[in-house]
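Colleague: Heads up: the sequence shown begins at 1 in this note's numbering, then just goes up one per residue. Handing you a structure now.
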Amino acid sequence: MTIDPRNELFGAFSSRIDDLEAPFIHAPDGTVITYEGMLHRSAQYANALQSLGVTPGDRVASQVDKSIDALFVYLGCLRVGGVFLPLNTGYTEREVSYFIGDAEPKVVVCIPEREAMMADIAKSCQVSHVETLADGVGSLVEKANAASVEFDDVPRAEDDLAGILYTSGTTGRSKGAMVTHRNLLSNAQALAEVWRFADSDVLLHALPIFHTHGLFVATNTILLTGGSMIFLPKFDIDSVLAALPRATTMMGVPTFYTRLLASEKFTRESVAHMRLFISGSAPLSATTHREFEERTGYAILERYGMTETNMITSNPYDGARRAGTVGFPLPGINVRIADPETGALKPTGEVGVIELSGPNVFKGYWRMPEKTASEFREDGFFVTGDLGLIDEQGYVKIVGREKDLIISGGFNVYPAEVEGAIDQIVGVAECAVIGVPHPDFGEGVTAVVVRSAAGDDPSADDIQGQLTLNLAKYKVPKEVFFVDDLPRNKMGKVQKNELRDRYGETFKKT
Ligand code: AMP
């Protein structure tokens, strides 16, 4: 086996392995995959991808359910020098065809049920191979099974791309965030250090792996420190409670923690052995933070990041983990607060847009140089679009989102996209989509619709039903209200704050 340290990210993972027999993955069925198994299986996928013609820089798109093999496709892709492009399993045909058309992957990996659909999409794009990730003749799994467990890693420099992750666009088109080997490696190193990860750690992994949180934050940190993961297909409260006694750490979105608190089986005793609970991807409410500490004795450690930048700040391991804040910048990262319009720096305690620079900041949006340029200041700082402040003690606090992004169950929903889809429905004159507090999802997507005078009066069910055909389920409004007019300011802008106030109690627990 030739492990080439010149493959920046995978080289760092493999060169730190000192015990090939150490566990890497604990599967739900009780099987354990060791670090040697990780090297072998990822080599098999690297060989399989290489046999399909993947060369350095080629994209490999993957829209599959979470599984251990799905993770090995990612690692195989890194080893062969490819650029991994994970796609949310909830994306519809229309959404997927945009991503594939835009990214032009050489290989698309999918579930058998989507093979025909992907083959259709592939015809009009530059895709060479559509491969299924399932047992069976002709599948990628079969190719991997037949491949050698030896692979000479392809060198990749720190500035080379390791992945492209699509973030939903605020104005129409989604953007592919290009992340490099250095972005991922530097971030995993910073997180391992501040969160004190070691080879004795067992991470409870119930996050999806098509998003930066479950794919990079969790997996890369574990691989870099030689720990292991209990790899659950999804967050299912019974499986999580059953797995907790074997874990030392957990990473989750706030919804995980509210669900745990809703279970009577989640007690102080059940987590007495744990080392750390981490939350991110959406705001953790101060109530959840407090209730969690009261129930378990642990203060959840909240951190902040985004696809474009990887992780940016974290509450401290030692020292106060302050509810409602996202802590301090990670090592090597500079965070500042600026006026969103002028870029002038704001003094301590004043709200402005959060900006940052560091080795974690992405290379730009795929094939969108102008969009990329517009999100960076002249001195190289990236403008996040999140509004926040830095307090006297240096804690960063997020107060809102400039672009009205909705985060429901940890997933980002951009109102503009849902509004565009509702506007297409016959009988709709106009609409506004907002997020309002939801006890389970953090925010619940809510639509406020004005019907057209001469329309055929679509009902809430009609609208939700039609949206389901084109939008991932998490984007479809959970409630639809009808009004005669939308509140607008003098400039004609819809006053979303007013709507949020009006419908703020929609999902309140009774
Ligand atoms: P994504 O690119 O999907 O990771 O979403 C990034 C966005 O999620 C950020 O720009 C923030 O608006 C939000 N976000 C992530 N972590 C937190 C957090 N701890 N608190 C509040 N918002 C967060």
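Ideal Cβ placement from N, Cα and C applies to all residues, glycine included.
1. Using 7 angstroms as the threshold, is the C-beta distance between L203 and M229 below it?
2. Where the beta carbon is closer than 7 angstroms to any heavy atom of the ligand AMP, which residues qualify, in chain order?
3. Which residue spans inside the stretch 106-151 form an unbroken beta strand (DSSP E) run of at least 3?
4. Taking 8 angstroms as the threshold, find out whether the stretch 40-50 comes into contact with the stretch 83-97 through three or more Cβ pairs.
5. Please say whether V107 and L20 have beta carbons closer to each other than 7 angstroms?
6. Does DSSP classify A299 as helix, strand or coil?
7. Along the alpha helix (DSSP H) that carries T384, what are the first and last residues, could you check?
8. So for T171, helix, strand or coil by DSSP?
9. Measuring alpha carbon to alpha carbon, tell me which residue in V109, G214, A218 and A206 is nearest D240.
10. Starting from the C-beta of E293, find all residues in its chain whose C-beta is less than 8 angstroms away, skip the five residues before and the five after it, and write them out in chain order.
11. DSSP has I406 in a bridge; who is on the other side?
12. Would you tell me roughly how many angstroms separate the C-alpha atoms of G76 and I33, rounded to the nearest one?
13. Can you name, in chain order, every residue of its own chain whose Cβ lies under 7 angstroms from the Cβ of R94, other than the five neighbours on each side?
14. Determine the extent of the beta strand (DSSP E) in which S67 is found, giving its start and end residues.
15. In this structure, how does DSSP classify K475 when only helix, strand and coil are distinguished?
16. Is H273 buried or exposed, if buried means 16 or more other CB atoms sit within 10 Å of its CB?
17. Can you find the residues in the same chain that come closer than 7 angstroms, C-beta to C-beta, to L276, ignoring five residues on each side of it along the sequence?
18. What's the C-alpha gap between A338 and G385?
19. Specify the secondary structure class of L276 as computed by DSSP and reduced to three states.
20. Thinking L244 and S270 are a contact (beta carbons under 8 angstroms), I'd like their distance in whole angstroms, please.
21. Measuring CB to CB, does P437 end up less than 7 angstroms from K509?
22. Taking the DSSP output, what are the residues bridged to P329?
23. Tell me whether N47 sits in a helix, a strand or coil according to DSSP, three-state version.
24. My understanding is that G512 touches A262, with C-beta atoms under 8 angstroms, so please give their C-beta distance in whole angstroms.
25. Using DSSP's beta-bridge definition, name the partner residues of H26.
26. Suppose the cutoff is 7 angstroms on Cβ atoms and the five residues either side in sequence are ignored; what does the same chain contact list for E158 look like?
27. Mapping DSSP to helix, strand and coil, what is I398?
28. Between which residues of its own chain and P329 is the CB-CB distance below 7 angstroms, once the five residues before and five after are set aside?
29. Out of Q63, R79 and D69, point me to the one whose CA is closest to S97's CA.
30. Given a threshold of 16 other Cβ atoms within 10 Å of its Cβ, counted over all protein chains shown, does S279 qualify as buried or as exposed?
31. Taking its Cβ as the centre, do 16 or more other Cβ atoms sit within 10 Å of A190, making it buried, or is it exposed?
32. Hey, F381 and Y474: beta-carbon distance below 7 angstroms or not?
33. Would C431 and V449 qualify as a contact pair, given that the criterion is a beta-carbon distance under 7 angstroms?
Modeller: Inspection of the coordinates gives the following:
1. Working through the sequence shown from its first residue, we reach residue 203 at position 203. Working through the sequence shown from its first residue, we reach residue 229 at position 229. Between L203 and M229, the gap from beta carbon to beta carbon is short of 7 angstroms.
2. Residues flagged by the Cβ proximity filter: T167, H211, T212, H213, S279, G280, S281, A282, P283, L284, E302, R303, Y304, G305, M306, T307, E308, V326, T384, G385, D386, I398, R401, L405, I407 and N412.
3. DSSP runs (the beta strand (DSSP E)) wholly in the stretch 106-151: 107-110 and 129-132.
4. Judged by Cβ distances under 8 angstroms, the stretch 40-50 makes no contact with the stretch 83-97, as fewer than three pairs qualify.
5. Mapped onto the sequence shown, residue 20 falls at position 20. Mapped onto the sequence shown, residue 107 falls at position 107. Result no, Cβ atoms of L20 and V107 do not sit closer than 7 angstroms.
6. Residue numbering aside, residue 299 sits at position 299 when the sequence shown is read from its first letter. In the structure shown, A299 sits in coil (DSSP, three-state: anything other than H, G, I, E or B).
7. Here the question's residue 384 lines up with position 384 in the sequence shown. No alpha helix (DSSP H) contains T384, which is instead part of the beta strand (DSSP E) from F382 to I390.
8. As a working mapping, residue 171 is identified with position 171 in the sequence shown. Note that T171 scores 48 on pLDDT, short of 50, meaning its location in the model is unreliable; the coordinates nonetheless yield the value given after this. Three-state DSSP puts T171 in coil, outside helix and strand.
9. Position 240 of the sequence shown, counted from the start, is the residue given in the question as residue 240. According to the sequence shown, residue 240 is Val rather than Asp. Checking every option, the nearest Cα to that of V240 belongs to A206.
10. The residue given as residue 293 occupies position 293 in the sequence shown. Only residues of its own chain outside the window of five on either side were considered, and among them A299 and I300 have a CB closer than 8 angstroms to the CB of E293, listed in chain order.
11. The sequence position of residue 406 within the sequence shown is 406, counting from 1. Answer is V413.
12. In the sequence shown, the residue the question calls residue 76 occupies position 76. In the sequence shown, the residue the question calls residue 33 occupies position 33. Each residue's alpha carbon lies about 16 angstroms from the other.
13. Indexing the sequence shown from 1 puts residue 94 at position 94. Within the same chain, and ignoring the five residues on either side of R94 in sequence, the residues whose Cβ sits closer than 7 angstroms to its Cβ are N470.
14. Residue 67 sits at position 67 when you count from the first residue of the sequence shown. S67 -> no beta strand (DSSP E), and no H or E assigned at all.
15. The count along the sequence shown starts at 1 and reaches residue 475 at position 475. Here K475 sits in helix by DSSP.
16. Start at 1 with the first residue of the sequence shown, and residue 273 comes out as number 273. With fewer than 16 other Cβ atoms within 10 Å, it is exposed.
17. Residue 276 sits at position 276 when you count from the first residue of the sequence shown. The residues are W195, T249 and L301.
18. Residue mapping note: residue 338 aligns to position 338 of the sequence shown, counting from 1. Residue mapping note: residue 385 aligns to position 385 of the sequence shown, counting from 1. Between A338 and G385, the C-alpha separation is close to 11 angstroms.
19. In the sequence shown, residue 276 corresponds to position 276, counting from 1. When secondary structure is reduced to three states using DSSP, L276 falls in the strand class.
20. Locating residue 244 in the sequence shown gives position 244, where the first residue counts as 1. Locating residue 270 in the sequence shown gives position 270, where the first residue counts as 1. Contact between L244 and S270 holds, since their C-beta atoms are separated by about 6 angstroms, short of 8 angstroms.
21. Stepping through the sequence shown from its first residue, residue 437 is reached at position 437. Stepping through the sequence shown from its first residue, residue 509 is reached at position 509. Result no, Cβ atoms of P437 and K509 do not sit closer than 7 angstroms.
22. To locate residue 329, count along the sequence shown from 1; it is residue 329. Bridge partners of P329: T313.
23. The residue you call residue 47 lines up with position 47 of the sequence shown. N47 carries a helical assignment under DSSP once its states are collapsed to helix, strand and coil.
24. For residue 512 there is no data in the structure shown, the boundaries of the chain being 1 and 510.
25. For the purposes of this step, residue 26 is identified with residue 26 of the sequence shown, where counting begins at 1. Note: H26 sits in a beta bridge opposite V32 and I230.
26. For the purposes of this step, residue 158 is taken as the residue at position 158 of the sequence shown. E8, T180, H181 and R182.
27. As a working note, residue 398 is residue 398 in the sequence shown. Three-state DSSP puts I398 in a strand.
28. As a first step, residue 329 is located in the sequence shown; it is residue number 329 there, counting from the start. Excluding sequence neighbours, P329 sits near I312, T313 and V335.
29. Within the sequence shown, residue 97 is the residue found at index 97, counting from 1. The residue with the shortest Cα to Cα distance from S97 is Q63.
30. Within the sequence shown, residue 279 is the residue found at index 279, counting from 1. When all chains shown are included, S279 counts as buried.
31. Indexing the sequence shown from 1 puts residue 190 at position 190. Buried, because 16 or more other Cβ atoms sit within 10 Å of the Cβ of A190.
32. Taking the first residue of the sequence shown as position 1, residue 381 is located at position 381. Taking the first residue of the sequence shown as position 1, residue 474 is located at position 474. Inclusion of F381 and Y474 in the CB contact set at 7 angstroms is not warranted, their separation being larger than that value.
33. If you number the sequence shown from 1, residue 431 lands on position 431. If you number the sequence shown from 1, residue 449 lands on position 449. In contact: C431 and V449 (Cβ atoms closer than 7 angstroms).
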